[in-house]
Structures are given as C-alpha cells and as structure tokens.
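In the numbering used here, the protein residues as written are 670 to 824.
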C-alpha cells in the first residue's frame, strides 16, 4: 500500500512542477505580447521616429515625427532602456489610440520578448529541479539566455 501512495505522490509532484513551469512560460508570453504585438504586427500602425528629449525613472519622452501622413505628436513616451540617451533618434511604432511608442525593427522585437527570456530561465530551474528533465532544462535555459543576450546587444 505504501508503494502506491509513494507513486501517487511522485505523480502529483511532477504534475505540480509541470504546472509551475507552464505557468511561468504562459506569464512570460503574456507579458511579452503586450509590446510584441505592436512591433510584429505593425502593418497599418503609425510608424515614425522618436527623438529622445528627456528621461525619467522608467520612461523617456520626446517629439515624434511620422513617416506617413499621420499627425505629429509633440510628446510621445517610450519605456526606458539602458541604451537610450538624450538626443537619440529611434524608429518606433505607436500603440493605437495612445501616445505610447515601442521600438520598431529587430531591436524592438527582441526587447519586447525579453520577459519571455526571463521566464524561460526560471522555467529551466523548475524543469531541472522539479521534473528532473535536464536536457529540456538546458534547452530552455540556453534559449532564454540567448534571447536576453540578443536583446541586450541589440539595444
């Protein structure tokens, strides 16, 4: 009887760890998609150039110059990254109906998916420690590390 109980506990532990790993990955995708959708599905959205005028603790602001016939925006905000300096000109895409911008192009895609890279690194720990699947854990860790490294280098 004790072996069946032990077996059930092992299955429950594996199911719980798989649920935690899946929860981490879903949270990473969900937090990344908020910005990534505007960069990856940019057709029909306002494209232009943002000139950084000032930076606060978490955001930077500046004037926006559109590429097409859309109106100028005197003050647009963007999330602050480590590589933004005053006077820098960044290609951006505006979120519809707002004055918030996200970086365009490959740097924007990598920056938008950076939370998924962190989630992959955290999930790798759960996969290795809780599920004892070391090869899958190494793959997740390498993918997350590569994504974060590429985002850091692109910005």
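Note that the Cβ used here is the ideal one computed from N, Cα and C, for glycine as well.
| If you follow the alpha helix (DSSP H) that residue 779 is part of, which residue opens it and which one closes it? | 774-781
| Using 8 angstroms as the threshold, is the stretch 718-726 in touch with the stretch 690-697, meaning 3 or more CB pairs across them? | no
| query | What residue range is occupied by the uninterrupted beta strand (DSSP E) comprising residue 720? | reply | 716-720
| said: Taking DSSP's pairing of strands, which residues face residue 735 in a bridge? | reply: 717
| query | For residue 817 versus residue 787, is the C-beta distance shorter than 8 angstroms? | reply | yes
| query | What first and last residue would you give for the alpha helix (DSSP H) that runs through residue 759? | reply | Per DSSP, residue 759 belongs to no alpha helix (DSSP H); it is in the beta strand (DSSP E), 758-763.
| Would DSSP call residue 770 helix, strand or coil? | strand
| task | Compare the beta carbon distance of residue 785 and residue 819 with 8 angstroms and say whether it is the shorter of the two. | result | no
| message | Considering Cα atoms alone, identify which of 768, 733, 797 is closest to residue 687. | response | 797
| How long is the line joining the alpha carbons of residue 757 and residue 783, rounded to whole angstroms? | 22 angstroms
| Do the stretch 677-685 and the stretch 788-795 make contact, defined as three or more Cβ pairs closer than 8 angstroms? | no
| said: What does DSSP give as the partner residue(s) for residue 742 in the beta ladder? | reply: 733
| Alpha-carbon spacing of residue 809 relative to residue 741, whole angstroms | 43 angstroms
| Residue environment, residue 815, which counts as buried when at least 16 other CB atoms sit within 10 Å | exposed
| field | For residue 728, the residue or residues it bridges with in DSSP | value | 748
| 6 angstroms CB neighbourhood of residue 704 in its chain, flanking five on each side removed | 771, 781
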